[in-house]
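**Student:** Start counting the sequence shown at -16; every next residue gets the next number (this note's numbering). I'd like to ask some things about the structure below.
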Amino acid sequence: EVALEVAFIRLAPLANLRPEFRMLPLVPSIDGEGRRVARLGRIHQQQWFEAVLISGDAAAISREACELSWGGPDAAQARLCLRTFGGAGAVLVDGQRVPPQGEPVPLRPGSQLSFASTQAGTEQLMVILTLLVHLASPAPQQQLPLQQQRPRMQRPSGTGSVDSEASPVSIRTRPPPPAACAAPVAVASAMAAAPSVSSSSPAAPTPAVEGGCTPERQTPRQAPYRDVDDGSAWHLECVYAEGLSPEAFLALPADVRCLRLEISETIDFGRGSHAEVFEALLARDVDLLKYVSRKHFQLERALGEDGAPGGRLRVTNLSANVAVVAQKPLRTGESA
């Protein structure tokens, strides 16, 4: 229903972050009003924060930083909201600091939720971590029996994706150096946060925490960051698949959600070379497989100024379907 994807980590090689760590684990409970509630902070996701954040930044995350709430019997009150508890760090939504213990702040698909620390002697906030909000909701179509209903993930605006019926899968590339994006049908780019923002009010003191804490989901027992590959290895990471809720998406094997491709010169990418991947991603609606061609894209290492293969890909649409690469629509034979 609600998923928080990593979009920025201070000083971290985000391109090498393993798929298992790209979502902050949430364990929602039900409050007295029937709403789902999930709390964020070191007391709730301690292992994840300590594994993903570097240079001791985990200490700047409050033990109880904020709380998300959504759903419930009252449709008028069902929207996703955030409220903060104060603490050593600050919480920002779309670059604006949320007052500690203030009124709930509504969130939307694509909202950026940031954690920041106060720089000593200044009113500047240093952003440590930014998470991108994803929501899943019932499809706005005819009512189906409960066992046949499937959630639809709402995509953040401004990511260059196209209508879901024509674009069942979105993928972004993650090369060893920063590079252009490539996708089988559409490309979604991570929304990076600015390294610092102004603040007119200092951070509130850390409050005492009473009672027990909600255990976080089991974090994979491996290093969160991959070793840097050589220049020929590229990672294509799926960030959206039609019909999969965030929970169902994260339940897919890591080698389905993130592909490692050796691209020394040129390769063709599509359903012919990776049939099992697309069948798994579109298992909820196999009819969408017809929108993924057997040879959908040609991926080619772009040459640098010195004539040697550089850190960018040249993507050519080989399919009869329109595709989107780096927010640019491509027709058959066009490249980006």
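Glycine included, each C-beta is placed from N, C-alpha and C at the ideal position.
Met109 and Ala119: beta carbons closer than 7 Å?
**Tutor:** No, these two residues do not count as a Cβ contact at 7 Å.
**Student:** Looking only at DSSP bridge pairs, what is Glu317 linked to?
**Tutor:** Looking at the DSSP assignment, Glu317 forms no beta bridge with any residue, so it has no partner.
**Student:** Ignore the nearest five residues each way along the sequence and tell me which others in Ile250's own chain have a CB closer than 6 Å to its CB.
**Tutor:** Counting only Cβ-Cβ distances below 6 Å, and skipping sequence neighbours, we find Leu282.
**Student:** Which partner residues of Val100 appear in the DSSP bridge assignment?
**Tutor:** Note that residue 100 corresponds to Ser in the displayed sequence, not to Val. Per DSSP, Met109.
**Student:** Would you call Ile44 buried or exposed, if buried means 16 or more other Cβ atoms sit within 10 Å of its Cβ?
**Tutor:** Buried, because 16 or more other Cβ atoms sit within 10 Å of the Cβ of Ile44.
**Student:** With 16 as the cutoff for other CB atoms within 10 Å, does Gly70 come out buried or exposed?
**Tutor:** So Gly70 counts as buried.
**Student:** Got a sec? Which residues, its chain only, sit under 8 Å from His257 by beta carbon, not counting five neighbours each side?
**Tutor:** Correct list, in chain order: Leu242.
**Student:** I'd like the span of the beta strand (DSSP E) that includes Val(-15), first residue to last.
**Tutor:** Segment Val(-15) to Ile(-8), the beta strand (DSSP E) holding Val(-15).
**Student:** Pull up the distance between the alpha-carbon of Leu219 and that of Gly15, whole angstroms please.
**Tutor:** Distance between the alpha carbons of Leu219 and Gly15: 43 Å.
**Student:** If we ignore side chains and look at the alpha-carbon of each, how far apart do Ile26 and Trp217 end up?
**Tutor:** If I take the Cα positions, the gap works out to 36 Å.
**Student:** Please go through the same chain and pick out, in chain order, the residues whose beta-carbon is closer than 7 Å to the beta-carbon of Gly255, but skip the five residues on each side of it.
**Tutor:** Cβ neighbours of Gly255 beyond the five flanking positions: Arg277 and Lys278.
**Student:** Quick one: give me the first and last residue of the alpha helix (DSSP H) that Arg240 is part of.
**Tutor:** That run of the alpha helix (DSSP H) goes Ala237 to Arg240.
**Student:** Go ahead and pull the three-state DSSP assignment for Asn(-1).
**Tutor:** In this structure, Asn(-1) counts as helix in the three-state DSSP scheme.
**Student:** In its own chain, which residues sit with a C-beta less than 7 Å from the C-beta of Pro312, not counting the 5 before and 5 after it?
**Tutor:** Taken in chain order, the residues that qualify are Val305.
**Student:** At 3 residues or longer, what runs of the beta strand (DSSP E) sit wholly inside the stretch 43 to 88?
**Tutor:** List check, beta strand (DSSP E) in window: 49 to 53, 64 to 67 and 73 to 76.
**Student:** Within the continuous alpha helix (DSSP H) that includes Glu33, where are the two ends?
**Tutor:** It spans Gln29 to Val35 - the alpha helix (DSSP H) in which Glu33 sits, taken as one unbroken run.
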